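Undergrad: Which chain is which? The protein sequence lines are X and H, in order. Its first residue numbered 38, the first sequence is counted upward by one per residue in this note's numbering. Its first residue numbered 38, the second sequence is counted upward by one per residue in this note's numbering.
There are 2 protein chains.
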Amino acid sequence: MDNPSNSTTSSSTALEPAIVDERPWEKLTELADLGNAAPLVEFIENLTASDQALALSRLDEEHRKTVLTTLPAEDAVELLRHLSEIQAADLVESLSIDQAAAIVQEMPSDEQADLLGDLDEVQAGEIIDAFPRDEAIAVRELFAYSDDVAGGLLVREILRFDHSTKVADVINTLSENAEEFRDYDVQYAYLTDAEQRLVGVLPMRNLLFARRTDPVADIMIADPLSLRDTTPLDELIDFFDSHHFLGVPVVDAEGKLLGVVHRNAVDYEATRAAESDFLKSQGIIGGEELRTMPLMQRAKRRLSWLSINVVLNIGAAGVIALYQDTLEKVIALAVFLPIISDMSGCSGNQAVAVSMRELSLGLVRPTEMARVWLKEVTVGLVNGAALGLLVAIVAVVWDGNMYLGLVVGVALFANTLIAVSIGGTVPLLLKRLGFDPAVASGPLLTTVTDMCGFFLVLGLATVMLERLVH
Amino acid sequence: MDNPSNSTTSSSTALEPAIVDERPWEKLTELADLGNAAPLVEFIENLTASDQALALSRLDEEHRKTVLTTLPAEDAVELLRHLSEIQAADLVESLSIDQAAAIVQEMPSDEQADLLGDLDEVQAGEIIDAFPRDEAIAVRELFAYSDDVAGGLLVREILRFDHSTKVADVINTLSENAEEFRDYDVQYAYLTDAEQRLVGVLPMRNLLFARRTDPVADIMIADPLSLRDTTPLDELIDFFDSHHFLGVPVVDAEGKLLGVVHRNAVDYEATRAAESDFLKSQGIIGGEELRTMPLMQRAKRRLSWLSINVVLNIGAAGVIALYQDTLEKVIALAVFLPIISDMSGCSGNQAVAVSMRELSLGLVRPTEMARVWLKEVTVGLVNGAALGLLVAIVAVVWDGNMYLGLVVGVALFANTLIAVSIGGTVPLLLKRLGFDPAVASGPLLTTVTDMCGFFLVLGLATVMLERLVH
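1) If we require 4 or more residues per run, which alpha helix (DSSP H) segments fall completely within the region 70-112 of chain H?
2) Would you mind telling me which residues of chain X sit closer than 7 Å to ASP314 of chain H, beta carbon to beta carbon, in chain order?
3) Within the same chain, show all residues whose beta-carbon is closer than 6 Å to that of GLY425 of chain H, passing over the 5 residues directly before and after it, in chain order.
4) Taking any Cβ of chain X, which residues in the region 57-69 of chain H have a Cβ under 7 Å from it, in chain order?
5) Would you mind giving the Cβ-Cβ distance between ALA498 of chain X and VAL367 of chain X, rounded to the nearest angstrom? I have them listed as a contact below 8 Å.
6) The ligand PLP heavy atoms versus the CB of GLU365 of chain X: any closer than 7 Å?
7) So, helix, strand or coil for SER49 of chain H, using DSSP?
8) Based on Cα-Cα distance, which residue from X:HIS299, X:GLY460, X:PRO286 lies nearest to LEU283 of chain H?
9) Roughly how far, in whole angstroms, is the beta-carbon of VAL414 of chain X from the beta-carbon of VAL401 of chain X, given that I think they are within contact range, below 8 Å?
10) Within 8 Å of any Cβ in chain X, is that where the Cβ of THR46 of chain H sits?
11) What residues in the region 106-134 of chain H bring their beta carbon closer than 7 Å to a beta carbon of chain X?
12) On the DSSP letters alone, give me the boundaries of the alpha helix (DSSP H) that GLY237 of chain X sits inside.
13) Around the C-beta of THR250 of chain H, are 16 or more other C-beta atoms found within 10 angstroms, so that it is buried, or is it exposed?
14) Just list the residues that DSSP pairs ASP199 of chain H with in beta bridges.
15) List the residues of chain H whose Cβ lies closer than 7 Å to the Cβ of CYS489 of chain X, in chain order.
16) Is it true that the CB of GLY188 of chain X sits closer than 8 Å to the CB of THR267 of chain X?
17) Going along the region 287-315 of chain X in order, which residues come within less than 8 Å of chain H, judged by CB to CB distance?
18) What is the DSSP secondary structure of VAL401 of chain H, counted as helix, strand or coil?
19) I'd like the list of long-range same chain contacts for ASP184 of chain H, defined as Cβ closer than 8 Å, with 5 residues on each side in sequence excluded.
20) 8 Å is my cut-off, CB to CB: does PRO474 of chain H come that close to chain B?
21) Provide the residue span of the beta strand (DSSP E) that contains GLY479 of chain X, from first to last.
22) Should ASN346 of chain X be labelled buried (16 or more other beta-carbon atoms within 10 Å of its own) or exposed?
23) Please state whether the Cβ-Cβ distance between LEU285 of chain H and LEU316 of chain H is less than 8 Å.
24) Are ILE164 of chain H and ALA181 of chain H touching if we call contact CB-CB under 8 Å?
25) Can you tell me whether DSSP reads PRO464 of chain X as helix, strand or coil?
26) Check whether the Cβ of SER42 of chain H lies closer than 8 Å to any Cβ atom in chain X.
27) In chain order, what residues of the same chain have a beta carbon less than 8 Å from the beta carbon of LEU96 of chain X, not counting five sequence neighbours either side?
28) Could you give the distance in angstroms between the alpha-carbon of ALA456 of chain X and the alpha-carbon of LEU454 of chain H?
29) Take THR404 of chain H as the anchor and find which of H:TRP342, H:THR202, H:SER318, H:THR462 has the nearest alpha-carbon.
30) Along chain X, which residues have their Cβ under 8 Å away from the Cβ of MET406 of chain H?
31) What alpha helix (DSSP H) runs, 4 residues minimum, are completely inside the region 256-282 of chain H?
32) Helix, strand or coil for VAL347 of chain X? Go by DSSP, reduced to three states.
33) Would you say ASN452 of chain H and GLY496 of chain H are within 8 Å of each other, going by their C-beta atoms?
34) What does GLN387 of chain X reach in chain H if we use C-beta pairs closer than 7 Å?
35) Just confirm the distance between the C-beta atoms of LEU505 of chain X and ALA371 of chain H, as a whole number of angstroms; I'd bet it's less than 8 Å.
36) Using only CA atoms, which one of H:LEU364, H:ALA407, H:LYS102, H:MET488 lies nearest to GLU503 of chain H?
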């Protein structure tokens with residue numbers, strides 16, 4: 038997991054170079070068996086983040102639990118942070134409620150919300166109940182938000198003062214609590230009124246030049262920008278694109294200050310979204326898969342996706358069955374059917390990718406299907422002609438029959454047009470209907486283009502049958 | 038473009054709500070024709086980042102140039118920042134060298150390097166030459182780095198002092214240059230010795246508690262972590278995963294301080310990498326495509342990829358040609374060939390996606406092909422059996438011939454094993470050989486699995502020919 042909250046360069050052990058260990062999980066197992074915290078902490082701190090994830094993922098569950106429970110809570114948090122979310126969740130789920138609670142409590146609130154969200158409802162609830170009462174209430178509040186809105190991404194660990202506080206008192210609080218504030222964003226303090234409403238932001242450096250007897254309100258930026266707790270991720274991404282802030286304060290309906298969403302938390306969610314688009318486009322749907330997961334879980338997840346596809350495929354192939362007589366007479370057609378179907382699929386996927394890219398960049402609106410269609414048809418005409426011609430030539434050279442070339446060439450040309458038209462517009466349509474374009478575009482596209490492709494080849498062939506049979 | 042450098046909440050106009058304008062490019066054209074900076078600045082500042090990109094991308098080139106050259110340089114930089122890199126580069130390329138230089142000079146050094154890297158070599162050189170001499174030298178230095186190493190991602194705009202400077206002098210410098218430093222990361226100052234070598238990092242808040250007559254060296258963190266200018270992106274990602282710094286100082290071979298790489302710059306590059314994997318997996322290879330690009334450019338880019346595929350496809354289809362006689366006798370087989378080929382492709386792509394994911398998480402090493410293969414074969418056995426059985430049943434039900442079911446079922450089962458084996462291991466192999474797994478895995482996989490699939494179906498059919506013909 039990523040940690041959006043800031044930190045200082047005072048972590049010392051990190052100064053030692055990372056150990057390059059070909060099989061770090063073996064050493065880790067040994068240390069876990071010894072069950073002694075100190076050497077475990079030291080060994081882990083000297084591994085790179087990805088080696089930590091690698092080593093831990095290669096341990097059996099018992100050893101994983103031992104490692105996590107042997108480490109001091111803050112080191113355990115540190116370790117979890119370097120795992121993929123799904124690994125971290127699995128690991129915490131394997132712990133007892135008390136063990137889990139002890140660790141989760143050490144996390145900054147945005148990571149808490151993230152992790153708890155990945156656990157099963159019941160267990161998450163039990164873990165929260167194990168917190169001190171007031172803490173539990175606060176966590177429940179954030180936990181109620183989904184992790185793609187501001188409320189689910191914010192950190193509560195911020196410097197907040199009443200706007201009437203004196204400069205001197207702020208400076209003293211800072212020096213007295215230097216340790217506690219170490220991991221905070223110490224670039225700004227957030228100032229509230231008696232009703233906890235956000236009234237100003239205080240750039241810490243202003244403290245350097247201020248008279249110590251003044252109230253901080255005198256040196257604060259009044260009416261700072263803030264966002265509602267319900268602001269969705271894409272608006273957050275847009276916000277941080279438009280403003281170079283490291284964080285933005287988040288308020289509820291009454292204007293009460295809830296916390297701060299950091300740019301890093303938003304960047305992190307954006308990366309996850311892009312990664313999941315890639316996985317989905319390749320047919321990994323039910324959440325990410327790691328090869329350390331149990332076999333049946335991995336097989337089932339993949340199969341659920343494959344079985345939809347095979348059914349769609351069989352449907353498309355049905356078209357071929359309809360034209361068996363034609364095929365029987367002109368067997369050469371069978372050679373070109375897979376080519377037509379694969380190539381149309383490729384052209385369509387390109388159009389899908391460009392549409393999803395333009396949607397994510399905001400360069401096209403889901404309503405502009407006509408515009409996209411026109412742009413795609415022009416490309417389709419050019420590429421369809423080129424591909425059709427190429428395949429036609431191959432057919433003529435190989436089979437010696439002009440008309441075979443004509444049939445497959447025209448079919449591929451026409452089907453390329455169909456493929457890019459569907460591929461370009463379907464993502465916009467799905468987006469408008471609230472579906473995930475990354476998941477649905479692929480199979481939908483392939484099936485339709487396959488069907489059309491087979492229809493075109495075999496239909497055309499049936500029409501010109503006499504010309505095709507030698 | 039993203040701006041990794043920090044900033045303050047003191048930007049005022051941003052306080053006004055963003056205008057929701059269905060066709061912002063029309064208003065933008067009007068304002069461009071008026072050629073008056075003030076209203077242009079105001080209109081643009083009130084658009085969201087994505088609406089700015091949308092509006093600008095819909096203008097004709099002339100108007101785009103007018104907008105960019107009418108805006109004050111710092112606003113032009115602001116605007117460019119919200120465009121995708123490719124849009125920004127196109128736009129700057131359309132300007133005169135002087136116009137471009139005036140704008141590029143206003144950018145923080147990491148964005149300068151990014152943009153210049155996207156321009157054509159010659160023009161980039163001319164723009165740099167138009168800078169003041171010392172500036173030009175510094176820019177050339179960074180420009181020499183590729184943008185996936187620390188040297189290409191760092192900002193030179195940092196607070197740096199000699200370690201012998203007095204606390205009071207630092208505080209004065211800060212207050213005197215408050216304006217200039219506004220966009221800097223003011224969380225830390227970086228301290229160097231007489232040879233410009235990095236000797237310490239100064240958390241600004243330490244200034245709050247320090248005696249003003251002390252040298253800053255007394256309150257600095259000595260021997261801070263730093264990275265070489267040559268550190269590659271994946272190590273940077275790993276570094277920021279392991280440390281919660283907002284930035285890390287970058288030094289050259291002599292230990293001289295070059296600048297700071299900010300976490301945001303690294304997060305941004307990571308997102309780009311994930312996005313480009315998705316685009317590549319869908320067959321958008323030659324850099325990202327926007328539908329605002331000229332038709333032939335878009336067609337050519339896509340075609341270069343398609344033509345490779347069609348050739349590979351034709352090669353695979355050749356296998357079918359070899360077995361025409363069998364196919365002629367058992368025409369029903371033609372119905373199942375596309376199913377076998379599509380389904381194997383799907384299974385293979387899933388394995389590719391999981392391998393690339395595990396590679397990027399560091400959960401598998403490129404050398405662990407045997408491990409991955411075993412993990413994939415097990416899944417392949419389960420899913421291959423399920424899919425094979427399903428298709429077999431369909432064949433029997435539809436054709437009434439047991440043996441047809443046997444042939445297609447066994448073929449799909451075996452080919453699924455082949456597909457996941459290739460799909461799982463090829464990305465590791467490509468990574469080891471230094472190729473880009475996202476680009477090469479797809480077509481390679483499809484061709485080989487198609488060939489094998491056709492061989493299996495038609496080969497088996499040929500063996501059991503008597504049983505298959507009615």
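The beta-carbon is built from N, C-alpha and C at its ideal position, and this holds for glycine as well. The structure displayed is predicted, hence computed values, not measured ones.
TA: Let me lay it out:
1) 74-82, 86-94, 98-107
2) PHE315
3) GLY446, LEU449, PHE450
4) none
5) 6 Å
6) The ligand content of the structure shown is nil, which means the ligand PLP is not present either.
7) Only weak support exists for where SER49 of chain H lies, its pLDDT of 34 falling under 50; the value from the coordinates is given anyway. SER49 of chain H: coil per DSSP, three-state reduction.
8) X:HIS299
9) 15 Å between Cβ atoms; not a contact.
10) At THR46 of chain H, the pLDDT of 35 sits below 50, so the modelled position is not reliable; the number obtained from the coordinates is stated separately. It does: the Cβ of THR46 of chain H has a partner Cβ on chain X nearer than 8 Å.
11) HIS119, SER121
12) Careful: GLY237 of chain X lies outside any alpha helix (DSSP H), inside the beta strand (DSSP E) at 235-240.
13) exposed
14) H:THR229
15) Per Cβ cutoff of 7 Å: no residues; CYS489 of chain X is ~13 Å from chain H at best.
16) yes
17) ARG300, ASN301, ASP304, TYR305, ALA307, THR308, ALA311, GLU312, ASP314, PHE315
18) coil
19) ALA150, ASP151, GLY154, LEU190, GLU306
20) Within the model displayed, chain B is absent; protein chains X and H are what it includes.
21) Here GLY479 of chain X belongs to no beta strand (DSSP E); instead the alpha helix (DSSP H) covers 474-500.
22) buried
23) The residue asked about is misnamed: residue 285 of chain H is Val in this sequence, not Leu. For VAL285 of chain H and LEU316 of chain H, no; Cβs fall outside 8 Å.
24) no
25) helix
26) Because SER42 of chain H sits at a pLDDT of 36, beneath the cut-off of 50, its placement in the model cannot be relied upon, and the following sentence gives the value as read from the coordinates. Yes - at least one Cβ of chain X is within 8 Å of the one on SER42 of chain H.
27) TRP62, LEU65, THR66, ALA69, VAL104
28) 30 Å
29) H:THR462
30) Ordered by position in chain X, no residue passes the 8 Å Cβ test against MET406 of chain H, which lies about 12 Å from the chain.
31) 270-279
32) helix
33) no
34) GLN319, GLY320, ILE321, ARG339
35) The Cβ separation is near 15 Å, so there is no contact.
36) H:LEU364
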